[in-house]
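Written below as structure tokens is the structure these notes are about.
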Ligand code: HEC
């Protein structure tokens, strides 16, 4: 137990360093407050304006951080991060020299019939994106996903990494699936370029 002693010069019990710090802190606060009150009128006004502006900035900053855009709040983001981001990365930038970026890719913002085919049946290189050639394979997702799921993912991908565009519907995915029912191998760029 801390020994509390009194002596003549300091008639207060010694409560230890934490209490001393808090007393000192209060003392500083008190001095700042009285200092403020002593400011002349115009300086006090300026002081208030500065405090108000900082508070407003702080509040708007916090709101922006906390608020998700409707795009982020939808299920597309969750699905994308589980199934596509392991290769294409969350920011859609891909991995240097291995997986091509989705950001600003013509395959993402171009014909939806091509984008849907890539996801349904996979893709085999070579493919050139932003001046770099990639020569790997992307697996097919058609057998594992329902039309609605692919629609949700691709609508997210187009809006996030392509350009503002209307959502891709499950009906469109269904049509492409039907039209390519007999496809069993990955697509190549040459084949896809013939699709409109
Ligand atoms: C296992 C890793 C992997 C996963 C998972 C994957 N991709 Fe890919 N993706 C690739 C590779 C590798 C290529 C390039 C293939 C090539 O070299 O031809 C590619 C190419 C693409 C392309 C065309 C090129 C470009 O950059 O625009 C699109 C679009 C695409 N992927 C979308 C998706 C979407 C959407 C998902 C999630 C449903 C997904 N990918 C999941 C590896 C992957």
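Residue numbers (the working numbering): 143 to 338.
Built from N, CA and C at the ideal position, the CB exists for glycine as well.
The structure presented is a predicted model; accordingly, all values stated were derived computationally and were not measured.
For residue 228, count the other beta carbons within 10 Å of its own beta carbon; 16 or more makes it buried, fewer makes it exposed. Which is it? exposed
Count the other CB atoms within 10 Å of the CB of residue 247; is the residue buried (16 or more) or exposed (fewer)? buried
Less than 6 Å between C-beta atoms, sequence neighbours within five positions excluded: which residues of the same chain meet that for residue 269? Excluding positions up to five away in sequence, the list reads 276, 331.
For the stretch 251-304, which segments carrying the alpha helix (DSSP H) assignment without a break, of at least 4 residues, lie completely within its bounds, in sequence order? 254-263, 289-299
Per-residue burial, residue 196 [other beta carbons within 10 Å of its own, 16 or more giving buried]: exposed
Cβ pair residue 334, residue 278 closer than 9 Å: No Cβ-Cβ contact shorter than 9 Å links residue 334 with residue 278.
Check the C-beta distance from residue 290 over to residue 221 and give it rounded, since I have them as a contact under 8 Å. About 11 Å separates the two Cβ atoms, so there is no contact after all.
Thinking just about the alpha-carbon of each residue, which of 225, 219, 244, 296 is nearest to the one in residue 272? 244
Residue 337 - DSSP class collapsed to helix/strand/coil: coil
Exposed unless 16 or more other CB atoms sit within 10 angstroms - verdict on residue 324: exposed
Ignore the nearest five residues each way along the sequence and tell me which others in residue 316's own chain have a CB closer than 7 Å to its CB. 289
Would you call the CB atoms of residue 218 and residue 303 closer than 9 Å? no
Collapsed DSSP secondary structure at residue 322 in the structure displayed: coil
Closer than 9 Å to chain C by CB, residue 247: As a matter of chain content, chain C is missing from the structure shown, which is built from one protein chain.
Terminal residues of the continuous alpha helix (DSSP H) containing residue 213? 212-215
Is the CB-CB distance between residue 312 and residue 282 below 9 Å? no
Buried or exposed: where does residue 208 fall if 16 or more other Cβ atoms within 10 Å of its Cβ makes it buried? Annotation note: pLDDT 42 at residue 208 (below 50); position unreliable, coordinate value reported separately. Residue 208 is exposed by the Cβ-count criterion.
At the level of alpha carbons, what is the spacing between residue 310 and residue 233? 21 Å
So what does residue 245 bridge to, in DSSP terms? The partner list for residue 245 (beta bridge, DSSP) is empty, contrary to what the question assumes.
Residue 184 to residue 214, Cα distance in whole Å? 46 Å
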